[in-house]
Amino acid sequence: MAVSHFFENLIQIYSPSYQEAEILDYIEKELKKRNVELLVRSSGGIIARLKATDDHFPAIFFNAHVDTASNGKKPKLKEEDGVYSSETGFLGADDKAGAACMLELIDTLQANPSAKHGTLEFIFSTQEEVGMLGAKMLDLSVLTARFGYSLDAPGEVGTFQLFGETHLVLDFTIIQDFKKSRISAINVARSVIHKLKQVHFPQSMTHEVKEFKGTTDSLGSETVFIQMEFAGFMPLEEIMPYLEEVKQVFFESGIKYDVEILGESHVTYPGFSITERNHSVVLLKQALRRLKWPVREVQYSGGSDASVFNERGLTTVLLSVGYQNPHSEEEQISKSSLETLVELILAIALSGENLEEAISFSKNV
3 MAVSHFFENL IQIYSPSYQE AEILDYIEKE LKKRNVELLV RSSGGIIARL KATDDHFPAI
63 FFNAHVDTAS NGKKPKLKEE DGVYSSETGF LGADDKAGAA CMLELIDTLQ ANPSAKHGTL
123 EFIFSTQEEV GMLGAKMLDL SVLTARFGYS LDAPGEVGTF QLFGETHLVL DFTIIQDFKK
183 SRISAINVAR SVIHKLKQVH FPQSMTHEVK EFKGTTDSLG SETVFIQMEF AGFMPLEEIM
243 PYLEEVKQVF FESGIKYDVE ILGESHVTYP GFSITERNHS VVLLKQALRR LKWPVREVQY
303 SGGSDASVFN ERGLTTVLLS VGYQNPHSEE EQISKSSLET LVELILAIAL SGENLEEAIS
363 FSKNV
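Note that the numbering used here has the sequence shown beginning at 3, numbered continuously upward.
If you want it as structure tokens, here you go:
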């Protein structure tokens, strides 16, 4: 089955976050038809394994998520001049393109039993679009592979990302009791936001107020809720001092104006950084040389399953898939991008012979 057929079949199955059962059934059926070992089937997704044909190759994994962002409309697939789009709703190439390419890789290798490769594991995750919940829930202890590739970034196929953004949310609630304080909660909030302008954030870090709302009770007391988001290509430990400074501004204002301030912080997704000499990067570059493609590293904002897997101890390089305008009705992807991505992950699977020797050589050069 060609990768385009897998892609078309996956797109026909509507699978917004939390509604992935049908698409997991489809993937499980396709895997069983090919006698691929099923390791996990849970609410977090599916993990499957294709056995090695040569022990001189490393075990690696590939990942894609099967849920899609949605505006509530089911996609109606359209193909014109070799480009897929949707007449209604979001296409869902993010990330059904990655899932389709993983299925096609299995077909390609099984059609060529003489091809040499190591153990290949496939992670089809759920609920990525709502905070990478599937990747967080999956039992990764079943994996043999300690590194792999997440097929889930926009941009031209062949580009890749070794750095991931850290993203955090701070929630503050300002509670003003009219009996204690004559300063309204809304005025306290305005004062805090004005003072926050004095905090000197690094250029590599972004911050914004995402939500600002308030209520007043029958006695005139006010409650204001403020949600702030912070992101940056920095380790969590480097971001935390700036967050502590923000918290201090809030809590000092609470003392000054005699209002209660509650604060909570949440790491949406952690950042990651992968070195050039990591197995995952060395293997990727060997595959690119095999294909005679240039080495092109890119950097995109946002989180992915790669963020979670890296935090959980599995080195995961983020690969570009080729889709454009994700999370919109203008989303599209070309057939050629799908075919090219299959070429790349096939080259990765076939390029790992004696990887340890290649890494040792690079260290000594």
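Ideal Cβ placement from N, Cα and C applies to all residues, glycine included.
According to DSSP, what are the bridge partners of Ile48?
-> Arg43 and Phe126
Below 8 Å CB to CB, which residues in the same chain sit around Ala191 once its five sequence neighbours on both sides are set aside?
-> Ile176, Phe214, Gly216, Val226 and Ile228
Taking contact to mean at least 3 C-beta pairs separated by less than 8 Å, is the stretch 57-67 in contact with the stretch 345-359?
-> yes
Would you report the Cα separation of Ala113 and Leu105, rounded to the nearest angstrom?
-> 13 Å
Thr318 to Ser282, Cα distance in whole Å?
-> 7 Å
Which ranges would you report for the alpha helix (DSSP H) in the stretch 7-35 if only whole runs of at least 4 residues count?
-> 23-35
Using the rule of at least 16 other Cβ atoms within 10 Å of the residue's Cβ for burial, across every protein chain shown, is Gln250 buried or exposed?
-> exposed
Decide yes or no for the touch test of the stretch 138-152 against the stretch 280-298: beta carbon pairs closer than 8 Å, at least 3 of them.
-> yes
Would you kindly check if the distance between the Cβ of Pro243 and the Cβ of Thr168 is under 8 Å?
-> no
Can you tell me whether Thr90 is buried or exposed, with buried defined as 16 or more other CB within 10 angstroms of its CB?
-> exposed
Counted within 10 angstroms of its Cβ, other Cβ atoms place Ser338 as buried (16 or more) or exposed | exposed
Roughly how many whole angstroms lie between the Cα atoms of Leu238 and Gly265?
-> 18 Å
Sub-8 Å separation of Gln334 and Ser87 beta-carbons = yes
Would you mind giving the Cβ-Cβ distance between Leu172 and Ser267, rounded to the nearest angstrom? I have them listed as a contact below 8 Å.
-> 5 Å
Which residues in the same chain have their Cβ closer than 7 Å to the Cβ of Val367, if we skip the five residues on either side of it in sequence?
-> The predicted model places Val367 with a pLDDT of 42, which falls under 50 and marks its position as unreliable; any figure quoted below should be read in that light. Nothing listed; no residue qualifies.
So, is Ile257 buried or exposed, given that buried needs 16 or more other C-beta atoms within 10 angstroms?
-> exposed
Run through the stretch 241-306 for me and flag every whole beta strand (DSSP E) of 3 or more residues, listed as ranges in chain order.
-> 262-271
Please name the residue in Lys197, Gly166, Ala233 and Glu247 whose C-alpha comes closest to that of Ala308.
-> Gly166
Limits of the unbroken alpha helix (DSSP H) element including Asn189 = Ala187 to Leu198
Opposing strand residues paired with Thr168 [DSSP bridges] | Gly234
Buried or exposed (CB count within 10 angstroms, at least 16 for buried), Asp69 = buried
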